[in-house]
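Let me begin by presenting the structure, written as structure tokens, before commenting on it.
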Amino acid sequence: MNLKTLSMSVLLTAVALCCASALAAPAPDAKTEPLKVGFVYVSPIGDAGWTFQHDQARLAIEKKFGNKIQTKYIESVPEGADAERVIRDLAQNGYKLIFTTSFGFMNPTLKVANQYPKNYFEHATGFKTAKNMGFYNARFYEGRYLAGIIAGKMTKTNVAGYVASYPIPEVVMGINAFTRGMRSVNPNAQVKVVWVNSWYDPGREREAADTLVSQGADILTHHSDSTAVVQAAEAKKVYAIAYHSDMSKYAPHAQLAAVTHHWENYYTGVVQSALDGTWKPDRVWGGIKGGFIDVGPINPVVPAAVVALVNTAKADIASGKLHPFVGPMRDNEGKERLAPGQTISDEALLKMDYYVEGVQGKLPTK
Amino acid sequence: MDAFVNLIALTLAAGTPLALAALGELVTEKSGVLNLGVEGMMTVGAVAAFIVAVNTHSPWLGIAAGAAAAAVLALVFAFIVLSLMANQVATGLALSLFGIGLASFVGRDYVAKVIDGLPALHLPVLSDLPIVGALFFSYSPIIYLTLALFALTQWVLTRTRAGLIVRAVGESPPAAHAIGLPVIRVRYLCVLFGGLCSGLAGAYLAVAYTPLWAEGMIAGRGWIAVALVVFATWKPWRALAGAYLFGFVTLAQFQVQAWGTAISPQFLSMLPYLATIVVLTLISRNALTVRLNAPVSLGKPFHPGD
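Those protein sequences? They're chains A and B, same order as listed.
The numbering of the first sequence is this note's numbering, which starts it at 1 and goes up by one.
The numbering of the second sequence is this note's numbering, which starts it at 1001 and goes up by one.
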């Protein structure tokens, strides 16, 4: 046996062994095959922010369902044609349940949903549905209201600074809820808003935060994606309320609390129904009640009485006793927006295009 | 008075990354090389500075690493366009894309990290003086470094033989070559200087200004720096003024917003660009100055053997 035939036979034996071991492995049983769950994210997961919170939920369901499911995520997917390709790819590769977590994924998701009628699609923050596509969103403003209570009690200058991204209803809703929360405990409180016209630009967010502090704000909050605002607060020795995620690591002294999103409960429910075969497209707008929103770790400098106040308000919002937008409510030009006792409708909320009393300045879209 | 001092301080802090990057690009362009990779070099500078600052706990080492990393990237660019004589515009654009991608890749595990930023200067007595202390002696050290670099560059470019050589190489490489100047070597050094400055600018952002690393944190500042150089007609002081003007208008429009005026923020956020272009165009409107200052061979490859 020369060298060549020797190596050939070794190779053949190896191949044969491999095949044998592959055959010996237990064939996947149709019943125990895991449910494949795909996630499409618009930005990198990072350490804090919108996508990070969704990924936390993905990890939570992975832990809960163990080998009953198998998850996969694709991050930094641009909204548009690329998104459609990514979503279709997942559907094609047997991902039965697909979460797409950015507003701009709505139309691509819908298109793919129509092409893959047997797959289930869940789209965050949109408004379109199909036979196999539902949407879900969170009432972020409820958390903002609670954070406002803390801010109203903790401010000494009675001025809070709000670094905001774009003047769209979702952001305006947050500003107004925060202001109403603040003024529910501190009628003199004022909120100053600076728009940075970007979801993500740490430099500009920092500049906006510094400006607000120089104009007397002693509590900062933000509706933008980076940690720059809470870091600015830490550096300037003022307080901050973080958004999306707990950012206390970046501002251990400054961060009073964080308004955080939690998708764990919702995702758990959806996955369970998909496993049970009872999944149906739904339109979900959850809040404190469904565990979608919380006010994160409250800094020990916040007095117990204030924490109690927040907890009461939280329980009342959950039970429906309290709504951040109940009349009498005027906008900051004095026009009555809600009659006494009137609760705002969801439709009016989603179209909110005015500042409530207590916010300084004029809303730029008008 | 406090508000004024504050505005000055914030302006200097906001304008510094632009000023540094513009200075580097200005010297690069003066030697006749157009490097559009500033955004990429800044991003790489930022991520390298942050990674080293995290691991060594020394913001200064981080800043040095940022400058060095961007310089390495600049060397790659120089090799491609000066030794291999590739198209400078295309290579520069590629460098930007590559730098941004590379930074996201190597920075993946550092998004979550927290560092102590580079502290601002604090001199005993001097920094504590009322107003004067805040106005002159309390900035980030990088800001003083930037001003010193500008003074030095201005002096070297206009008053020294080295500056003359750089300008000669940028004006007419064949003539410079004919009188025995090492055209390619001079251009290598100028590109390298550009890389160092861009890296410093990125490092300042990641280690001093907003001590964090995240993808996209440079947010277009590199492109603004490239534009500043042109609008400043390749004069260092004008580039510096342009950078600080840009920073000033950015902050002024935030101030105006925080006062609660009814001007649309979309319009206001356009203002820094508009104001900088208008002002620099006005001060540089003399066509002769533009012609005299623009490096004639900008963007054209030079082969010493031709």
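Where a beta carbon is used, it is the ideal one built from N, C-alpha and C, also for glycine.
It should be emphasised that the depicted structure is a prediction, and the values quoted were computed from it without experimental measurement.
Who are the Cβ neighbours of Met106/A in its own chain at under 7 Å, not counting the five residues just before and after it?
Taken in chain order, the residues that qualify are His123, Gly126, Lys128.
Contact set between the region 221-254 of chain A and chain B, restricted to residues whose Cβ is under 7 Å from the partner
Result list: Ser226, Thr227, Ala228, Gln231, Lys249, Tyr250.
Am I right that Val1290/B and Glu1171/B are in contact with their C-beta atoms under 8 Å? What's the rounded C-beta distance?
Not a contact, Cβ separation roughly 14 Å.
Can you give me the start and stop residues for the alpha helix (DSSP H) that Trp1155/B sits inside?
Per DSSP, Trp1155/B is one residue of the alpha helix (DSSP H) stretching across 1141-1159.
So what's Asn265/A in DSSP terms, helix, strand or just coil?
Three-state result, Asn265/A: helix.
For Asp210/A, which residues in chain B fall below 7 Å Cβ to Cβ?
Residues of chain B passing the Cβ test: Leu1010.
Under 8 Å between C-beta atoms, does Gly290/A make it to chain C?
In the displayed structure, chain C is absent; the protein chains listed are A and B.
Note down, in chain order, every chain A residue with its Cβ under 7 Å from the Cβ of Ala1260/B.
Looking at the sequence shown, residue 1260/B is not Ala but Gly. Within chain A, the residues near Gly1260/B are Lys192, Gln360, Gly361.
Count the other C-beta atoms from every protein chain shown that fall within 10 angstroms of the C-beta of Pro1304/B, then say buried if there are 16 or more, exposed otherwise.
Answer is exposed; the Cβ neighbour count stays below 16.
Given a threshold of 16 other Cβ atoms within 10 Å of its Cβ, counted over all protein chains shown, does Pro252/A qualify as buried or as exposed?
With fewer than 16 other Cβ atoms from the protein chains shown falling within 10 Å of its own Cβ, Pro252/A counts as exposed.
Does any C-beta atom of chain B lie closer than 8 Å to the C-beta of Gly203/A?
Closer than 8 Å to some Cβ of chain B, the Cβ of Gly203/A qualifies, so yes.
What are the boundary residues of the alpha helix (DSSP H) that Tyr136/A is part of?
Note, Tyr136/A: premise wrong, no alpha helix (DSSP H); beta strand (DSSP E) at 133-138.
Against Asp82/A, what residues of chain B qualify as contacts under a CB-to-CB distance less than 8 Å, listed in chain order?
Within 8 Å Cβ-Cβ: nothing; Asp82/A doesn't reach chain B, min ~16 Å.
Quick check on this structure: which residue in Met1270/B, Ala1227/B, Ser1096/B, Gly1199/B has the alpha carbon closest to the alpha carbon of Leu1061/B?
Here the closest residue by C-alpha is Gly1199/B.
Going by C-alpha distance, which of Ser76/A, Ile175/A, Tyr116/A is nearest Gln92/A?
The alpha carbon of Gln92/A has as its nearest neighbour, out of Ser76/A, Ile175/A, Tyr116/A, the alpha carbon of Tyr116/A.
Between the region 1231-1249 of chain B and the region 1183-1193 of chain B, do three or more beta carbon pairs fall short of 8 Å?
Taking 8 Å as the limit for Cβ pairs, the verdict is that the region 1183-1193 of chain B does not touch the region 1231-1249 of chain B.
In terms of residue numbering, what span does the beta strand (DSSP E) encompassing Lys72/A cover?
Segment 69-74, the beta strand (DSSP E) holding Lys72/A.
What is the residue span of the alpha helix (DSSP H) that Val1230/B lies within?
Looking at the DSSP string, the run of the alpha helix (DSSP H) that includes Val1230/B is 1221-1231.
For His262/A versus Asp294/A, is the C-beta distance shorter than 8 Å?
With respect to the 8 Å criterion, His262/A and Asp294/A are classified as neighbours on the basis of their beta carbons.
Assigned exposure category for Thr1158/B - 16 Cβ within 10 Å defines buried
Counting Cβ neighbours within 10 Å, Thr1158/B comes out exposed, since fewer than 16 surround it.
Name the residue from Ala1252/B, Ala1049/B, Val1106/B, Ile1224/B whose alpha carbon lies nearest to the alpha carbon of Leu1242/B.
Looking at the sequence provided, one finds Gly at residue 1242/B rather than Leu. Checked all of Ala1252/B, Ala1049/B, Val1106/B, Ile1224/B; the closest Cα to Gly1242/B is Ile1224/B.
Burial state of Asn67/A (16 or more Cβ within 10 Å):
Label assigned to Asn67/A: exposed.
Report the start-end ranges of each beta strand (DSSP E) in the region 85-142 of chain A that is 3 residues or longer and not cut off at the edges.
The qualifying runs are 97-100, 120-124, 133-138.
So with CB distances below 7 Å, who are the chain A contacts of Ala1019/B?
What Ala1019/B touches in chain A: nothing, since even the nearest Cβ is about 14 Å away.
Against Leu1097/B, what residues of chain A qualify as contacts under a CB-to-CB distance less than 9 Å, listed in chain order?
What Leu1097/B touches in chain A, judged by beta-carbon distance under 9 Å, is nothing: the nearest beta carbon there is about 15 Å away.
For Asn119/A, does the count of other Cβ atoms within 10 angstroms reach 16, so buried, or fall short, so exposed?
Buried, since its Cβ has 16 or more Cβ neighbours within 10 Å.
Quick check on Phe65/A: does DSSP put it in helix, strand or coil?
The three-state reading of DSSP puts Phe65/A in helix, counting H, G and I together.
The region 178-197 of chain A touching the region 1261-1272 of chain B, judged by at least three CB pairs closer than 8 Å
With a cut-off of 8 Å, the region 1261-1272 of chain B and the region 178-197 of chain A count as touching, because enough Cβ pairs lie within range.
Span separating the alpha-carbon of Leu90/A from that of Thr109/A
One C-alpha to the other measures close to 11 Å.
Residues bridged to Gln255/A by DSSP?
Looking at the DSSP assignment, Gln255/A forms a beta bridge with Ala240/A.
Nearest-angstrom Cβ-Cβ length linking Gly161/A and Met182/A, presumed shorter than 8 Å
Rounded, the Cβ-Cβ distance is 12 Å, inconsistent with contact.
Looking at the C-beta of Val1226/B, does it have a partner C-beta in chain A at a distance below 8 Å?
By this cut-off, Val1226/B is not an interface position.
Endpoints, beta strand (DSSP E) assigned at Arg283/A
Start and end: 283-286.
Could you pull the DSSP bridge partners for Lys36/A from this structure?
Note: Lys36/A sits in a beta bridge opposite Gln70/A.
Counting contacts by CB-CB distance shorter than 8 Å, is Ala1112/B in contact with chain A?
It does: the Cβ of Ala1112/B has a partner Cβ on chain A nearer than 8 Å.
Report the option in Leu1036/B, Pro1130/B, Gly1040/B whose CA atom is closest to the CA atom of Gly1092/B.
Looking at Leu1036/B, Pro1130/B, Gly1040/B, the one whose alpha-carbon comes closest to that of Gly1092/B is Leu1036/B.
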